[in-house]
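*Asks:*
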Amino acid sequence: MNYVPHTAGDRQKMLASIGKQEVSELFDSIPPGARLTRALNLPEQLSEYEVALHLEELASKNMVPSRLSFLGAGAYRHFVPAVVDTIIQRSEFMTAYTPYQPEVSQGTLQSIFEFQTMMCNLTGMDVCNASVYDGGCAAVDAVFMALSISGRHKVVVSEGLHPQTRELLRTYIDTHAGELIEAPLQDGRTVWPELNDEVACTLFQTPNFLGVIEDGAALCARTKEAGAIPVVSVGDPCSLAVLKRPGDFGGEIVVGDAQPIGLPLSYGGPYAGFVACKKQHMRRIPGRLCGMTVDSQGRRGFCLTLQAREQHIRRDKAFSNICTNQGLCALAVTVYLALLGPQGLKEVADASANLAHYFKKQVASLDGYKLVLNQPFFHEVLVECPGSAEALLKTLEGRGIVGGYLVEKDYPQYKNCLLFCFTEANGKAAVDELVNALQHAHRPLEGATRS
Amino acid sequence: MNYVPHTAGDRQKMLASIGKQEVSELFDSIPPGARLTRALNLPEQLSEYEVALHLEELASKNMVPSRLSFLGAGAYRHFVPAVVDTIIQRSEFMTAYTPYQPEVSQGTLQSIFEFQTMMCNLTGMDVCNASVYDGGCAAVDAVFMALSISGRHKVVVSEGLHPQTRELLRTYIDTHAGELIEAPLQDGRTVWPELNDEVACTLFQTPNFLGVIEDGAALCARTKEAGAIPVVSVGDPCSLAVLKRPGDFGGEIVVGDAQPIGLPLSYGGPYAGFVACKKQHMRRIPGRLCGMTVDSQGRRGFCLTLQAREQHIRRDKAFSNICTNQGLCALAVTVYLALLGPQGLKEVADASANLAHYFKKQVASLDGYKLVLNQPFFHEVLVECPGSAEALLKTLEGRGIVGGYLVEKDYPQYKNCLLFCFTEANGKAAVDELVNALQHAHRPLEGATRS
Amino acid sequence: MSLTAEPTLFEKTSPGRRGVIPPQENTGLNWRDEVAAELVSEKPPELPELSELEVMRHFVRLSQLNYGIDTTMYPLGSCTMKYNPRINEVTARLPGFARLHPMQSEDTAQGALEMMYHLQNHLAEITGMDGITLQPAAGAQGELTALLMVAAYYRKRGEDQRKVVVVPDSSHGTNPASAALAGFDVVTVPSNANGDVDLEALKPHLNEKLACLMLTNPSTLGLFENGIQTIAKGVHEAGGLLYYDGANMNALLGNARPGDMGFDLVHLNLHKTFSTPHGGGGPGAGPVGARGELVKYLPAPVVDRVDGKFRFFKPENSIGRIRTFWGNFLVLVRAYTYIRYHGPQGLKEVGEGAVLAANYLLSRLKGHYEVAYDRTCMHEFVLTARTSKKEKNVKAMDIAKRLLDYGYYAPTVYFPLIVEEALMIEPTETESLETLNRFADTMLKIAEEDPDLVRSAPHSTPVSRLDEVRAARKPVLRWEEGLS
Amino acid sequence: MSLTAEPTLFEKTSPGRRGVIPPQENTGLNWRDEVAAELVSEKPPELPELSELEVMRHFVRLSQLNYGIDTTMYPLGSCTMKYNPRINEVTARLPGFARLHPMQSEDTAQGALEMMYHLQNHLAEITGMDGITLQPAAGAQGELTALLMVAAYYRKRGEDQRKVVVVPDSSHGTNPASAALAGFDVVTVPSNANGDVDLEALKPHLNEKLACLMLTNPSTLGLFENGIQTIAKGVHEAGGLLYYDGANMNALLGNARPGDMGFDLVHLNLHKTFSTPHGGGGPGAGPVGARGELVKYLPAPVVDRVDGKFRFFKPENSIGRIRTFWGNFLVLVRAYTYIRYHGPQGLKEVGEGAVLAANYLLSRLKGHYEVAYDRTCMHEFVLTARTSKKEKNVKAMDIAKRLLDYGYYAPTVYFPLIVEEALMIEPTETESLETLNRFADTMLKIAEEDPDLVRSAPHSTPVSRLDEVRAARKPVLRWEEGLS
Ligand SMILES: Cc1ncc(COP(=O)(O)O)c(C=O)c1O
Ligand SMILES: Cc1ncc(COP(=O)(O)O)c(C=O)c1O
């Protein structure tokens, strides 16, 4: 099958106009050795119906998280209103390119402008770009920004930053001759080591990977004392509705992934990373920016701007190589935020945090389970389990519960500890069911040891 | 929850302008005895998320037909391309009303015009309306048309017409002082009784309810000899791509349900009935018609026309009371037909018929199963089962197979017979699986009788 | 943007071009070999030949020529063009609903039946009725269904002489049309100066021939029928039945119920009050409710719960089946979703919001436009352009067309018939104060505009006023070679 | 229709208005009681307050200000704006994919991993590579990924001195930007009069400092690189690697493979060749393929099958993780759907259709427009308006803008940089002959139009040319009180 509309007759007409006999002649410039003379070794074509069935079958082999899913760890299952998907499926949004021709792209451009505005308001920054690949890449971008702004080379990163983001930094840091210094957590909270004048920036996440709300004000203040740039990574950005904003406590660059505010889990992508910053760093920000201006008749309009930062103008001198970004995902976030509004987003955050604190209370009273950290937290709670946490996860799975995240993979110090996440999409009854399951999960195991 | 945007402040402003203190005052014209003073006794409101979960739960209690579904009997599971739903979900189509203001409804109007055209082409008629409620109602409408055109009162209806449509005729016929005469099938094919000059019309279905392709030419000819109007009901309209069209064999009014050509099964609705006819009956056709005309600047445009037939103009003298029709369903059909095109629709019909004939061959060789009819058929086959057909259906259900239709409910003469339906959405492998299941289904039963 | 006319599909066709290709499988046989040649057509059907992209683009472009609720305020009186919630589109597309075959066994469709069962009960509670059928596909079919029940009821009681259905002169066209279709004689009673049914004029018809009085309440003037209790008493004393056309039920949700006003039968328009999308003409759903004895006459089947299982059954004196299968099921799913979303409080707020919005808009327009009946209105109100027509030769239709230029859909015009140059405006509860104000400002502006400008409107739409006379005189109802 | 400007969300806000209300449950506690007050904000965030209908209408109206593939031909060179099949949107929304949590155990995501495993293999076959990573989110990230692999490869071999990446002067901006970002020194080589890499100019760089030559083939001029085999030989003999920028792979599908031409590394743009929607800027996916030894350097994780189970694993010398989680998964689902739909034959027809359409359009425009390199093109070609600029002062940008008036999106302009006044046109295989002809006719018409008219275009779009200088000089990058 294909979507090529040319009939045999069309092909004849086209070839005649070109002055060729056969379509294959058009490929004559390919040297014989480089020309494929066999068919590609791929499965045979399927009709639309068959391909849909095939994909349905593949999809059915996955276990779909329900209300009984308590997995967060960097991707959060919040409720997304139906309007969001309706809008992003609008042909005029979905099948447009990057808005190079602003006169026929005002829809995309204005929505980017609205995205930028709302993300600035949420983070307390002055400028936000039109999205980058994901939250991890946004953190890398911010570090590169800081290295280039400061001319320094050390980057102090909290152990509370998402482990995968820390991996990314390790992958990329050499390209900028940077040096990564990891600041360990103490009881789940970041403590900076000595910061000297080689430090370009610090980078911490709040709420951090273990769910803890960091003391952002203190961390930023210490960073600034050292003349470094405080970069803040946002855990779940819905928390910005109820927690002090990075801009309020001294952050100068704020990054994160907007997935939790408008995007489905999607097995990890596409999401929408963002980089926001204070005005002074504006010209160093990577990615597209949309600005408000006027047209030749003085009417308001929007266009891409400050493109001198970008690869298509600056080539090897550009600050970033990004071209295609996560536009449609950013649009989804824009629609989500417009739908939820200040009160709605606050309620999402409150409901999530309340359920997490409700769980904490319940789990603390369960035999064998222990709260690991004694810190303020948002919607994720670290719990030490009696016995093997991995086995516990399997048991829960058998009951249709997607349990928490096994942190020992990334934090060996927290053996048999699970990070449970709660959002408004769980609901109290699901939390009660989880608690109940936890309470009974280890019975058979205990029984087994006794016999 | 609600979708009312008025804030408390808005309400105050609005009341002030009206000159009232409280919204409840606006209801003062309702006499106290008629005013509800308690809350409605309904389940409490749910958030969008919760209502979605609730409906998902209800939906999950239904068994969803897969490729292994062989149920037809008036509703046919053909493949519907994804584009269809995309188009009918376009805001501008979905949230518009009947196109009373043609200047801002050209999208709806032109697509109705295209629907009318394609349905005329498929049926061989000159005029088709913009849809009526369903295929059964279309048949009733056609009978009313014929009664009114002919001034006669008898209506001869084939037993091969969908049993539910025959029920409808029984419900409605008295209102028009008509008299229904049922013409029994002989070996699955319609044979008219004596037709005299009291007969307003005859009405038969092809392919009929038992899957048989009627001898339309003979049936229409005999009808016309009696000075009556031949009304033809189309079984699955995809058959029009490969069978002689009613217009070709003498039909003057053609009705049917367009569900099979573009609409999901939807547990029976909404579907799209249609009434098409030859030019001479045009001014008696019920329902909306869209016509091509010009605007005040001579540009082509479309508008509703011949409205003098309709209730909003003619009130108690109208030919039909229809107002809201099945517009969006007709649009789905229009998109479907445009996507499939002549070749595609033909392939759908051929694939369906071929699978049915393939099945016939297989089943005929199975022990205990018998083909009931010795007639040309399209994509439904009537099979007599060894033992209880009802029990067989249950057995098949246990294997995930939605078996055929138990015709004895409507045709007591066909005891233990099942009507199996085949479409391109089944595929050969599914048919083989059905045949295999049939072969083995009665084993345990036989075993049971032996012991 | 260039919203130019879009050629028809038939002008874009190209022989041999393919769109979607259906699945195919080789069974090794050709069914044609087994069927007499004269039954079969070898010529493929006459359908346009386009690529998938061409089809997509065609309909996307066509859609752009439409106004819809999602693009603009749509103050079309009597039609309740409110926001169509998108979650309803999601629930209606759940495979467990959308893929269900209507002939499946009840055992394999318990979720569908459960939904229908609850929806029946919810609609009964909302209207104050004892039983509901979900079958009718629209309001008009609901009317016809109910009138068939009326006829059967009287037949059963041996009161076959009751052949008269009375409708007010403000009634919707479907009311008399349905009554006539059901075999009744239709009598129209006038409205009084207040817009209510003229009780004196009604009286002579309250006799042994009366089968049924059909009332819309609030009426199509947007007014609550003041005499409703007197009317109900009179009709019932005469042995007649009272029918409620529920097209305007939106106004009363949670504040009043037809059952409590004395109505015996009602229909609802789920595509109005319960906001299922109008779809450019349909589909809708027009459930009918009945009280007392009449419940036994409901069409078959209705859903009941027996021993914890949901089943279809046929009421004792049922008029029979009135359509195929079980109703416009996916429309029912949407309405059920809507009801569960709102709950009792939400529905009450809907009705109140609708009435508040209408009265507010009326207060803004009063003084600038002539009001047909100057009372507190319910969810809609009717203006009259009779003076404007007389003095400036600007008719209701002109004002309606001019609104299109400003990006609004038009009010209902020339209905109800008893108001000369009627403009019937229903803002619905989902329009914001800001939108209502902008609409009012536009109306005020139009009232001051150059009559020529208004008379020749619309000016900025893809086409201008269409020659409807030509359309009717020389009907072109399908594409044919040679057209252009 | 009135496609007037739409106010921003912030101008439509109304204090206290609610849109969607999230689910809420009373847990009997308030988390704020347990968290220090200075961490918490009591003030709700600054977001606009609108009703659901207002939000819906806002974005529907905004969308109407856009052109997209579904509304018009979008001949944007280098971007492969072909039809985005809707079935791909359906498969990407299957709950089993869309709701899957990236941190679920592999055992509970076997369907997802199976799809990724097959997609890796299919892309390897299509490109002639030995291994694929699906991780990169776009072409540019693919480039960077591959260049990190190059760096790691040479580091491992002890060839740290290989610091030079060579790009042709026709290369896309991301190529030099990625190379620089990856820490390489970028050298640009000129193209010859034929549009190919100037082999003489290249030679001096084929030395022990050469890490990699990045080539787009067909080049950004739409031309197949004539010297490809010579180049490959030269690069390899110098110990360097050859990188394939797959942005233009659409032309070659099924007819040629970079692996067979001697490329060692490739990236693909699934949002181009495999038609996942561009979404007004993204998301995309930029899988990278590698040959031989380089496979061991792919980023982690890749999917493999072990004992019938699908698992993530980390290649031996992996450069590590280059993004979070497993790639733009739902974009991968779409591309996989696309590949399975087409099969080997369908994909070949795609490439052939694209090349045929481009050459046909070129044949229609030749003689009326100056062609930058008059050769058989592949999937796109480049015109130059240099004479038009000189003689009529009508620039490439003017022609581009004028096309908007006729309802077409514009070609890519001023790229590649080596062509003065470049207009780069890529029709793609999904445009019909009729559409190509209409586009060609329009281009011919524009060539004859009054230069003033063309220079001041567009005239019929929602806004006219924007003041981009002002936008950059006084950047307004967010809404603030007082703006208008
Ligand atoms: C007052 C009134 N009654 C009845 C109807 C008919 O309802 P339907 O269009 O659903 O058949 C309408 C529809 O406009 C109406 O406004
Ligand atoms: C030739 C070429 N290379 C690379 C890229 C960058 O790809 P992406 O936008 O996916 O990052 C593009 C995109 O326009 C391109 O055209």
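Residue numbers (this note's numbering), protein chains in the order written: chain A, 904 to 1354; chain B, 904 to 1354; chain C, 204 to 687; chain D, 204 to 687. C-beta atoms are modelled at their ideal positions from N, C-alpha and C, and glycine is treated no differently. Since the model is a prediction, treat every value here as computed from it, not as a measurement.
1) If we ignore side chains and look at the alpha-carbon of each, how far apart do Ala441 of chain D and Lys499 of chain D end up?
2) Do Ala450 of chain D and ligand 2 come close, with the Cβ less than 7 Å from some heavy atom?
3) What does the alpha-carbon distance come out to for the pair Glu237 of chain C and Val1286 of chain B?
4) In whole angstroms, give me the CA-to-CA distance for Val506 of chain D and His325 of chain D.
5) Compute the Euclidean distance between the alpha carbons of Leu384 of chain D and Arg1217 of chain A, then round it to the nearest angstrom.
6) When the Cα atoms are used, what is the spatial distance from Ala1328 of chain B to Phe1281 of chain B?
7) When you compare only the Cα positions, how much space is there between His909 of chain A and Gly457 of chain D?
8) Classify Thr664 of chain D as helix, strand or coil using the three-state DSSP reduction.
9) CB-CB under 7 Å to Tyr1075 of chain A, same chain, minus the five flanking residues each way: which ones, in chain order?
10) To which residues does DSSP link Gln1089 of chain B through a beta bridge?
11) Looking at the secondary structure, which residues open and close the beta strand (DSSP E) in which His261 of chain D lies?
12) For Gly495 of chain C and Asp333 of chain C, what's the separation of their Cα atoms in angstroms?
13) State the DSSP-derived secondary structure class of Arg1353 of chain A, mapped to helix, strand or coil.
14) I'd like to know if the stretch 417 to 424 of chain C and the stretch 329 to 345 of chain C are in contact, where contact means that at least 3 CB-CB pairs between them fall below 8 Å.
15) Since Asp273 of chain C meets chain D, which of its residues come closer than 7 Å, beta carbon to beta carbon?
16) According to DSSP, simplified to helix, strand and coil, what is Asn1257 of chain B?
17) Excluding the 5 residues preceding and the 5 following Arg1353 of chain A in the sequence, name in chain order all residues of the same chain whose CB lies nearer than 6 Å to its CB.
18) What do you reckon, is the C-beta of Ser281 of chain D under 7 Å from a heavy atom of ligand 2?
19) Please tell me whether Leu971 of chain B and Ile1304 of chain B are closer than 8 Å, where the distance is taken between their beta carbons.
20) Checking 8 Å against the spacing of the C-beta atoms, do Cys1320 of chain B and Ala1292 of chain B come in under that value?
21) Grab me the residues of Pro678 of chain C's own chain with a C-beta within less than 8 Å of its C-beta, minus the 5 sequence neighbours each way, in chain order.
22) Please decide whether Phe930 of chain A counts as near chain D, where near means a Cβ-Cβ distance under 8 Å.
23) Scan the stretch 260 to 309 of chain D and note each continuous alpha helix (DSSP H) run of 4 residues or more that stays entirely inside, going in chain order.
24) What is the rounded straight-line gap between the Cα of Leu1209 of chain B and the Cα of Lys366 of chain C?
25) Asn472 of chain C: beta carbon under 7 Å from a heavy atom of ligand 1?
26) Taking the straight line between their C-alpha atoms, what separation do you get for Ser1169 of chain B and Thr274 of chain C?
27) Determine the closest residue to Thr615 of chain C out of C:Leu639, C:Ala588 and C:Leu501, with distance taken between C-alpha atoms.
28) Would you mind listing the beta strand (DSSP E) stretches within the stretch 1287 to 1330 of chain A that are 3+ residues and don't spill past its ends, in chain order?
29) Is any heavy atom in ligand 3 found nearer than 7 Å to the beta carbon of Thr423 of chain C?
30) Using a Cβ-Cβ cutoff of 7 Å, what residues of the stretch 937 to 960 of chain A are near chain C? List them in chain order.
31) Would you check if the distance between the CB atom of Gly1172 of chain B and the CB atom of Phe532 of chain C is smaller than 8 Å?
*Replies:* According to the data block:
1) Distance between the alpha carbons of Ala441 of chain D and Lys499 of chain D: 22 Å.
2) Yes, Cβ of Ala450 of chain D sits closer than 7 Å to a heavy atom of ligand 2.
3) If you draw a straight line from the Cα of Glu237 of chain C to the Cα of Val1286 of chain B, it is about 18 Å long.
4) Cα to Cα, the separation comes out at about 13 Å.
5) Each residue's alpha carbon lies about 12 Å from the other.
6) 15 Å
7) 18 Å
8) coil
9) Val1043
10) B:Arg1092
11) That residue, His261 of chain D, is in no beta strand (DSSP E); its alpha helix (DSSP H) goes Glu255 to Ser266.
12) 6 Å
13) The predicted position of Arg1353 of chain A is uncertain, since its pLDDT is 37 and thus under 50; a value taken from the coordinates is nonetheless stated next. If DSSP states are grouped into helix, strand and coil, Arg1353 of chain A belongs with the helices.
14) no
15) Met259, Arg260 and Val263
16) helix
17) Residue confidence is low: Arg1353 of chain A scores 37 on pLDDT, short of 50, so the model does not pin down where it sits. Its coordinate-derived value is still stated next. Correct list: empty, nothing qualifies.
18) yes
19) yes
20) yes
21) Answer for Pro678 of chain C: no residue qualifies.
22) yes
23) 289 to 295 and 298 to 301
24) 30 Å
25) Yes - ligand 1 has a heavy atom lying nearer than 7 Å to the Cβ of Asn472 of chain C.
26) 28 Å
27) C:Ala588
28) Qualifying beta strand (DSSP E) stretches, in chain order: 1320 to 1324.
29) In terms of ligand content, the structure shown lacks ligand 3 and carries ligand 1 and ligand 2 instead.
30) Hits within the stretch, in order: Ser950, Glu951, Tyr952 and Glu953.
31) yes
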